[in-house]
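Residue numbers for the sequence shown follow our numbering, beginning at 12 and rising by one.
The structure under discussion appears below in the form of C-alpha cells.
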Amino acid sequence: MTGRPDPERPDPVRTSAPSAPPDPVPPADTPDRTARPGRPGPARGLDPEARPYAEALAAVFPDLGGAVTDAAEARRLLAAASRPAGPPPAVGAVNDRTVPGPAGAPPVPVRVYRPDPARWPGPRPTVVFCHGGGFVLCDLDTHDRTVRNLCRAAGAVVVSVDYRRAPEHPYPAALLDAYAALCWAGERVAELGGDPGALVVAGDSAGGNLATASLLLAARRGGPPVALQVLAYPMLSAAMDLDAYRRHAHGPYLTTVHLRWFWEQYLGPGGDRRDPLAAPLEAGAEALAALPPAHLVLAGRDPLCDDGHVYARLRRSRGAPVTVDLYPGMFHGFLALSAQLPQAGRALAILGEVVAATLDRGKNSGGSGVAAG
C-alpha cells in the first residue's frame, strides 16, 4: 500500500487512559507475546517487500537496554554491523566544517551538501537536518546517503548537524547544538546558495525531536524565520504512553525497550520527561500550532507512529497546516531504503516536492518565510 494522506481514524489513545475507546487495529497489529522482552519480535503486519529488510535490521541492531547498556559498546556493535552499500548518490558538492556552538560549548561540526547547479540553478531551499539514533547512536556518516538523497530529491542545500550525543552530553546539549546550527544557517542562507524564504528544519526519529524542539526554542528566543518543518517518524513523547508503544512494543526492529533506554541516556537520572523542549508533545496545541507548516512521514508498524499522529492532531485542533504521509506496512527508519523499497522511494519523492515548494511559498509571501515563533 502506497503512502496516503492521514486517514480518518480515531485519535491515538494513551494507554494511561483505559476509559477511552481503543484504537481499532487488525489482528496482526496486536502485541507479540512470544517475543523476548526488549528484543524485536516477528515482522508481523509488514508489507511483504519490507519484511526482509526489517528482519535484517533486527538481527544486527544492538540489544539496547537488555544485553547492551553501554553507549560506546552500542555504537561499536552498530558500526561493526554496517556494510558498504556501493558508491554514494552524487550531489553537486559536499564539505565538512564547523559552526559556532552554544555559549560555553565547542563548535558544532556540520556537513554541507549542495545540489548539482546544472540541474538546480539559482537559489534553492536550505534544509537544516538532524539525524536520528535515539540521541545516542549515528552521526554524519550513518546518514550520509539519506541526506544525499534528500539533497537530490528537493534540489536543496542541506546542512547536516553532528550534534553532541548522550549520555556523554545529556539534554539539552543536542538541542542547543541543533539550534546553533539553525541560527548559523539562517544567517548565511544566501552564502550557502539558498533562498531566504525557503529555510527548512528536518530530522528523522530523535532528529525529528530536535527539529521540533529547535523551533520551540526559536519561538522563545526570536530565531530565524522557517518556512517548513519535515519530520520522519519523530520521537516526541518521553512519557511513552501512547497506544502505539503497546501495539508495536516488539518492533519490528525498534522496540519500546530500546526507546526507554534512549530516553534514559538523553535525560539522565531524574530527568524531566514533561519538559516540552525535551519532549515536544508536552508543549501543547497552542505552542505546536504556532510553529511553521509541517510535513510528516510515518510508518504504520512503528512504536513511534502515534507520536506523529498526535503531533498532527494537536496542530490541526488549532487550524495549523500539517500533512501526514502514512505508510501503514512500513517500519521505523524505512526512508533510508529509498533505493530498495518502492514506498520509501515514493516517500522521498513526495518529501522532495514539499521541500522544493517552499521556494514558491517564499515568493508568494515576499520572501520572508514563516516565522519560527
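All residues carry an ideal CB built from backbone N, CA and C; glycine is no exception.
Scanning the stretch 258-320 for uninterrupted alpha helix (DSSP H) segments of 4 residues or longer gives 267-278, 296-300, listed from N- to C-terminal end. Setting aside the 5 residues that flank it on each side, residue 99 is surrounded in the same chain by 155, 156, 159, each with a C-beta closer than 8 angstroms to its C-beta; the list follows chain order.
The beta carbon of residue 224 sits closer than 6 angstroms to those of 186, 288, 291, all from its chain and outside the five residues before and after it, given in chain order.
Bounds of the beta strand (DSSP E) holding residue 107 are 104-110. Residue 171 has 122, 140 as its beta-bridge partners, per DSSP.
Residue pairing by DSSP places residue 240 opposite 212, 305 in a beta bridge.
Secondary structure note for residue 151: it is in no alpha helix (DSSP H), with a DSSP letter that is neither H nor E. By the C-beta density criterion, residue 175 is buried, having at least 16 other C-beta atoms within 10 angstroms. The C-alpha of residue 329 is placed about 31 angstroms away from the C-alpha of residue 354. Note that the stretch 54-62 touches the stretch 337-346; at least 3 beta-carbon pairs, one per stretch, sit closer than 8 angstroms. When DSSP states are grouped into helix, strand and coil, residue 342 belongs to the strand group.
With 16 or more neighbouring CB atoms inside 10 Å of its own CB, residue 267 falls in the buried class. Under the DSSP assignment, residue 351 falls outside any alpha helix (DSSP H); it carries neither an H nor an E label. In the three-state reduction of the DSSP assignment, residue 75 falls in the strand class. Put simply, of 75, 108, 71 the residue whose alpha carbon is nearest the alpha carbon of residue 90 is 71. Straight across, the Cα-Cα distance linking residue 264 with residue 96 is about 20 angstroms.
Of the candidates 215, 216, 238, 238 places its Cα closest to the Cα of residue 226. Residue range 184-198 is occupied by the alpha helix (DSSP H) that includes residue 188. A residue is called buried when at least 16 other Cβ atoms come within 10 angstroms of its Cβ; residue 283 does not meet this threshold and is exposed.
Cβ-Cβ distances below 6 angstroms link residue 128 to 103 in the same chain, with the five nearest sequence neighbours on each side left out; the list follows chain order. Annotation for residue 80: no alpha helix (DSSP H) segment contains it, and DSSP assigns it neither H nor E.
Going by beta carbons, residue 270 and residue 251 fall inside the 8 angstroms limit. Within a 10 Å sphere around the beta-carbon of residue 109 sit fewer than 16 other beta-carbons, which makes this residue exposed. The C-beta distance from residue 141 to residue 214 rounds to 4 angstroms, short enough to fall under 8 angstroms. The alpha carbon of residue 81 has as its nearest neighbour, out of 126, 168, 275, 253, the alpha carbon of 275. In the three-state reduction of the DSSP assignment, residue 57 falls in the coil class, being assigned neither a helical nor a strand state.
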